[in-house]
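Visitor: Sharing a structure with you now.
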Amino acid sequence: MRHFHSIISYVFHPLFIPIGGTLLYFLVTPKYSSLEVQSGNILPIFILTVIIPIIFFLILKNLGVISSIFLPTIKERKYPLYISCILLLMILYKVIPNNYIHELFYFFAGLLTATGAALILLFLKFKTSMHLLGMGSLLMFMIGLSIHFEINITLAISIFTLLTGLVATSRLYLNAHSKNELLIGFLIGTCSQLIIFKYWL
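When we follow UniProt numbering, the leftmost residue of the sequence shown carries the number 1, and every step to the right adds one.
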């Protein structure tokens with residue numbers, strides 16, 4: 001059972017949330033976007049949010065700064081969150097403007113807001129669940145896309161809601177977080193996207 005929950009934690013790692021939201025947009029949107037626009041967003045975002053963080057993780061682990069990809073302690077989380085904020089800013093100012101899609105721009109603005117909030121809480125000695133922050137952000141983005149494009153993706157939203165619950169259960173089972181840390185992470189993720197809604201809905 002522990003292996004199952006560990007797999008869930010890896011599959012739905014917050015590292016994959018930015019590229020997940022990007023792919024979700026292109027799967028859901030009824031608007032035409034050329035292959036050039038899609039690749040112009042997907043490839044750089046994948047490199048900046050998956051490949052580069054993995055490289056930084058390996059460097060930080062070799063230096064002894066962090067011990068695990070799940071960043072179990074407050075001290076270990078600071079540097080990856082700094083890096084994450086910088087990479088999200090690069091996406092907002094360098095990647096998306098080249099092939100501008102305003103829905104994606106505000107999704108990443110919400111992610112940056114949520115990551116910044118998690119970083120602030122770290123200075124207050126509170127360890128937010130980044131798994132639930134990511135799941136909450138993506139779930140609210142799905143709801144926003146459904147409203148924005150007036151399309152029915154209720155089934156997908158329902159399934160993702162169940163998956164969010166499964167991720168929360170896995171983090172509790174693995175003793176990675178307390179209930180409060182999971183709840184605050186989820187609220188930060190959903191509220192950061194919800195606040196941004198007024199700019200693009």
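Don't be surprised by glycine CBs; every beta carbon is placed ideally from N, CA and C. Note that this is a predicted model, so its numbers are computed, not measured.
(1) Would you mind working out which of GLN193, GLY189, ALA176 sits nearest PHE9, comparing C-alpha positions?
(2) Determine the direct distance from the alpha carbon of PHE26 to that of TYR32, and round the result to whole angstroms.
(3) Span of the alpha helix (DSSP H) holding GLU36?
(4) Tell me where the alpha helix (DSSP H) around MET130 begins and ends.
(5) Identify which residue in LEU155, PHE197, MET130 has its Cα closest to the Cα of ALA168.
(6) At 4 residues or longer, and completely inside the stretch 57 to 110: list those alpha helix (DSSP H) runs for me, N to C.
(7) DSSP state of LEU166, grouped into three classes?
(8) Look up ILE188 in the DSSP assignment and say whether it is helix, strand or coil.
(9) Please go through the same chain and pick out, in chain order, the residues whose beta-carbon is closer than 6 Å to the beta-carbon of LEU63, but skip the five residues on each side of it.
(10) Does the pairing of the stretch 117 to 131 with the stretch 41 to 59 give three or more beta-carbon distances under 8 Å?
(11) For PHE95, count neighbouring Cβ atoms within 10 angstroms of its own Cβ and tell me buried if that reaches 16, exposed if not.
(12) So, for GLY116: in the same chain, excluding its five sequence neighbours on each side, which residues have a beta-carbon less than 7 Å away from its beta-carbon?
(13) Does the contact criterion of 3 or more C-beta pairs under 8 Å hold for the stretch 69 to 81 versus the stretch 132 to 144?
Guide: In terms of the structure at hand:
(1) Just to set this straight, residue 9 is Ser in the shown sequence, not Phe. Closest option to SER9, Cα to Cα, is ALA176.
(2) 9 Å
(3) 35 to 46
(4) 130 to 149
(5) MET130
(6) 74 to 90
(7) helix
(8) helix
(9) none
(10) no
(11) Contrary to the premise, residue 95 reads as Val rather than Phe in this sequence. VAL95 comes out buried.
(12) CYS85
(13) no
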